[in-house]
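Chemist:
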Amino acid sequence: MSATGAVYASGTRPPAPPSRLRPRDLPQLRPRPGLPHVQTSRRFLSAPFNMGFLFSKSLNENLREQREFMSMNSRLQLERQLQMQNQMRERQMAMQVAWSREFLKYYGTFFGIASLGLTAGAIKRKRPALFLPVIPLSFILAYQYDMGHGTLLRRMKGEAETILEKESSMLELPGGVPTFETIEKARRAQSKFYVEK
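Numbering-wise (the working numbering), the sequence shown opens with residue 58 and increments by one.
As structure tokens, this is what we get:
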């Protein structure tokens, strides 16, 4: 007789298949009060919530740091653009002053020769009218000298600051600053391929 036949002969009931197991067949799997595994199961169930909270907190911190980095990067980029524009303006002004000084050399030479010639002609021919062209030429010479070696730029800067502080209304555009609506309206009026959405 086989081992299975011996078990049936002794009158014992064989175990049910896995698909037909019921809780009463497995009493050792039922939770019992006071056992440590009950507390462990509760801690295990609460673990995903703690992990989700920690993950959300870490994500918020990363987003905050990313916003601060983007804000700082935008600020640095703006400062670099302003510095670049200022340096370009300074270079242009330096070129303009240098041009005035170089022009003053040539114009000063021309003015000196013209003044001597006109003065000699007026004295020799006894015609004072020949000396009259020296007067407007002297104004041009004075302007170029003031531009290249004088205080013309400083006076212009002071006057510009006064206009910005006290007469800013003179700087406003007629009709105000263009807005998106006005630009879009003009574009629609001139565009032949505009389709209203």
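We put the CB at the ideal spot given by N, CA and C, even for glycine. Note that the structure is a prediction, hence the values are computed from the model and not measured.
What number of angstroms, rounded off, separates the C-alpha of Glu-218 from the C-alpha of Leu-209?
Modeler: 14 Å
Chemist: What residue range does the alpha helix (DSSP H) around Thr-239 cover?
Modeler: 237–247
Chemist: Short check: CB of Leu-161 to CB of Gly-205, under 8 Å?
Modeler: yes
Chemist: Use the C-beta contact count for Gln-138: other C-beta atoms within 10 angstroms, 16 or more gives buried, fewer gives exposed.
Modeler: exposed
Chemist: Unbroken alpha helix (DSSP H) runs of length 4 or more, entirely within the region 153–232: which are they?
Modeler: 191–205 and 209–223
Chemist: Rounded to the nearest angstrom, what separates Pro-233 and Arg-244 at their Cα positions?
Modeler: Looking at the sequence shown, residue 233 is not Pro but Gly. Cα to Cα, the separation comes out at about 18 Å.
Chemist: Should Gln-201 be labelled buried (16 or more other beta-carbon atoms within 10 Å of its own) or exposed?
Modeler: The residue is buried, with at least 16 neighbouring Cβ atoms inside 10 Å.
Chemist: What whole-angstrom Cβ distance do Leu-187 and Phe-168 have, given they're in contact under 8 Å?
Modeler: The Cβ separation is near 15 Å, so there is no contact.
Chemist: Report, in whole angstroms, the separation of the C-beta atoms of Leu-175 and Pro-190, which I expect to be a contact under 8 Å.
Modeler: 6 Å
Chemist: Would you decide whether Ser-195 is buried or exposed? Buried here means 16 or more other CB atoms lie within 10 Å of its CB.
Modeler: exposed
Chemist: May I have the straight-line CA-CA distance separating Gly-178 from Arg-158, to the nearest angstrom?
Modeler: Taking the straight line from one Cα to the other gives about 30 Å.
Chemist: Which value, in whole angstroms, describes the spacing of the CA atoms of Leu-135 and Thr-166?
Modeler: When rounded, the distance between both Cα atoms is 47 Å.
Chemist: How many angstroms separate the CA atom of Arg-100 from the CA atom of Glu-118?
Modeler: Confidence at Arg-100 is low in this model, with a pLDDT of 48, below 50, so the placement of that residue should be treated as unreliable; the coordinate-derived value is given next. Straight-line Cα distance between these residues: approximately 26 Å.
Chemist: Quick one, are the C-beta atoms of Met-227 and Ile-220 less than 8 Å apart?
Modeler: yes
Chemist: Which value, in whole angstroms, describes the spacing of the CA atoms of Arg-211 and Tyr-164?
Modeler: 23 Å
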